[in-house]
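Reviewing the structure listed below.
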Amino acid sequence: MTDEQEQSVLRFDDVSVGFGDVEALRDLSFEMRAGETCIIFGAAGSGKTVLLKTALGLLRPDAGSVSVFGCDITGLPEQELFQIRSQIGVLFQEGGLFDSLTIEENVGYPLLNQPSLRCPPEQVRPRVEEALRFVELEHTLEKFPSELSGGMRRRVGIARAVVTDPPLVLYDSPTAGLDPITAYTIIALIVKERDVKNTTTVMVTHRYQDGHFLANFRYDPRTDRLEPSAASGAGETRTRFMVLREGRLVFEGTRAELEASNDPYVSKFVRRE
Amino acid sequence: MFDFFKSPVLAVQEFYFLAGRAIRNVFRRPHYASDVFLQMDIIGVGSLPIVATTGFFSGAVLAMQMAKALRQYGAVGQTGQLVAITLVRELGPVLTSLVVAGRIASGIASELGSMKVTEQIDAMRALGTDPIQKLVTPRLIATCVVLPLLTIIADFVGIFGGFLVALFMLNLTGAQYWNNAWQALEYLDITFGLAKPFAFAFIVALIGCYFGLATTGGTQGVGRATTQAVVASMLLIFVLNLFITRIYVSL
Chain X
77 MTDEQEQSVL RFDDVSVGFG DVEALRDLSF EMRAGETCII FGAAGSGKTV LLKTALGLLR
137 PDAGSVSVFG CDITGLPEQE LFQIRSQIGV LFQEGGLFDS LTIEENVGYP LLNQPSLRCP
197 PEQVRPRVEE ALRFVELEHT LEKFPSELSG GMRRRVGIAR AVVTDPPLVL YDSPTAGLDP
257 ITAYTIIALI VKERDVKNTT TVMVTHRYQD GHFLANFRYD PRTDRLEPSA ASGAGETRTR
317 FMVLREGRLV FEGTRAELEA SNDPYVSKFV RRE
Chain R
44 MFDFFKSPVL AVQEFYFLAG RAIRNVFRRP HYASDVFLQM DIIGVGSLPI VATTGFFSGA
104 VLAMQMAKAL RQYGAVGQTG QLVAITLVRE LGPVLTSLVV AGRIASGIAS ELGSMKVTEQ
164 IDAMRALGTD PIQKLVTPRL IATCVVLPLL TIIADFVGIF GGFLVALFML NLTGAQYWNN
224 AWQALEYLDI TFGLAKPFAF AFIVALIGCY FGLATTGGTQ GVGRATTQAV VASMLLIFVL
284 NLFITRIYVS L
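For the protein sequence lines, the chains are X and R, in the order given.
Residue numbering for the first sequence follows this note's numbering, starting at 77 and increasing by one per position.
Residue numbering for the second sequence follows this note's numbering, starting at 44 and increasing by one per position.
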């Protein structure tokens, strides 16, 4: 394992997050290292989105600490968090696109507004076009989010998440509410982003298929398709699975361990053949 | 035992926190000048027709009512004075602010509320922008600038409405009405007549933003936030008006 792979990218230590009397996350601890893929399963209301927002510093834990790239962000003021967030790409559940801005303005938003990036204005358009080409939506520059379908909005969301080439990308239920074909397109883009740019990836979802593709498939640049990771010759993906239940981490392990689990709740997220 | 008070006390604390950050951001970079001008257009130019209409009819009705009362004392000629004083001191600032509150506080709350429930506020923070700096401060600056200007317009249109009534229904001459109205006004009236909408602007903008950013619970929550913003801003305008008027009468 190289030093780069050793580097801790995201670390939760006994993190609890509550809203009034409801505890959304309870004593959550885990660590992710560079280049890893982490798939977090959980039913609705299990704390998946809260976990991602806590990792971004959008929510502050009531107890415990969160470290991103080795920096403890638990007590950082908002202005200092911008520096950390500039290294994290995020796709929100419904895309989180600004509906008053065009697609070009949406995707270019982090380039122009992240204080630590300060991208020269003349470089914004080419980078936006490149990011939109990545998700095959380069023809939508002048459109508004309301003019796009749900799947296209997610793809624009992915373009906005990766336009700054962040080393860590978080995906919040990227396929929720999409038909199977569109869901596959989204997952294929996530795998492609991970393998082309070697990003550390966290995806929360309730769909087994999403985790299956991320764990067992790699992007093959020669065919521009996903191939089973064993067949592609690139080796196994460094994928870990976690399962959340009512804010608690009830499972953490490999795909084989997930499939071998006898826990009825954990088994819900495994497709039994 | 005191759990009942927790929620309102927390709300007040959150509101002051928001207000403090919004005002502090006026003096901090980055400044979103284009957003300020956009909001001035939406709030100021957009509210002009309704503010002018309200002012005109208020002034006209005021002139009729005052003339009826003054006729008992044979002082119909003083109509211009009463219309001007009432409009500039009270009705102009309060009615304009109420109309703008109904139009703008609701608009701000629903816009920000929709952004909140569709995770656009979170996205903004995740992408390096302080939502208070980007959304709240420009609306606050814009409202503080345009509400006094709208009040001036409402005052003038109201006095003009009174003039038409005086001219066509009370048989007063234009010179009589305007001289009477002009001489009745003192600098203190105008100062307080403009200080009031400036103070009310804080209520309209910040209450709208507060309820918008505090929205929870999807589209139903947006509707609730909108209603709460209008009701709260209107009530607070009446309460604050009492305190400002108390200061005025003691001078």
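Ideal Cβ positions, reconstructed from N, Cα and C, are used throughout, including at glycine.
With 16 other CB atoms within 10 Å as the buried threshold, where does residue i fall?
i, result
"X:D241", "exposed"
"R:T129", "buried"
"R:K239", "buried"
"R:I290", "exposed"
"X:R136", "exposed"
"X:G171", "buried"
"R:V52", "exposed"
"R:G117", "exposed"
"X:F289", "buried"
"R:T259", "exposed"
"R:K49", "exposed"
"R:F45", "exposed"
"R:S157", "buried"
"R:M277", "buried"
"R:Y230", "exposed"
"R:L122", "One detail in the question is off: residue 122 of chain R reads as Thr in this sequence, not Leu. Its Cβ being crowded by 16 or more others within 10 Å, R:T122 is buried."
Can you look up residue i in the DSSP assignment and give me helix, strand or coil?
i, result
"X:Y284", "helix"
"X:V326", "strand"
"R:Y291", "helix"
"X:T113", "strand"
"X:P304", "strand"
"R:D46", "helix"
"R:S77", "helix"
"X:L86", "strand"
"X:V238", "helix"
"X:C147", "strand"
"X:T178", "coil"
"X:G133", "coil"
"X:E218", "coil"
"R:D84", "helix"
"X:K344", "coil"
"X:E349", "Confidence in X:E349 is poor, its pLDDT being 49 and thus under 50, which makes the residue's placement unreliable; the coordinate value appears in the next sentence. Coil."
"X:M77", "Unreliable placement is indicated for X:M77, whose pLDDT of 46 sits below 50; the coordinate value is still reported in the next sentence. Coil."
"X:L127", "helix"
"X:G184", "helix"
"R:L215", "coil"
"X:R231", "helix"
"X:A259", "helix"
"R:G63", "helix"
Starting from residue i, follow the beta strand (DSSP E) in both directions and report where the run begins and ends.
i, result
"X:M108", "V98 to R109"
"R:G150", "Per DSSP, R:G150 belongs to no beta strand (DSSP E); it is in the alpha helix (DSSP H), S149 to V160."
"X:F293", "F293 to D296"
"R:A118", "Segment: none, R:A118 is in no beta strand (DSSP E) and carries neither H nor E."
In the DSSP assignment, what residue or residues form a beta bridge with residue i?
i, result
"X:V245", "X:G165 and X:T277"
"X:L320", "X:G118 and X:L325"
"X:S141", "X:D89"
"X:F95", "X:V98"
"X:T315", "X:T113"
"X:G171", "X:F168"
Identify the continuous alpha helix (DSSP H) that holds residue i and give its terminal residues.
i, result
"R:Y253", "Y230 to L256"
"R:V200", "T180 to F211"
"X:V200", "P197 to F210"
"R:S140", "G135 to V143"
"R:D165", "Q163 to A169"
"X:R331", "R331 to A336"
Does the beta carbon of residue i fall short of 7 Å from some heavy atom of the ligand ZN?
i, result
"R:G145", "The model depicted lacks the ligand ZN and carries no ligand whatsoever."
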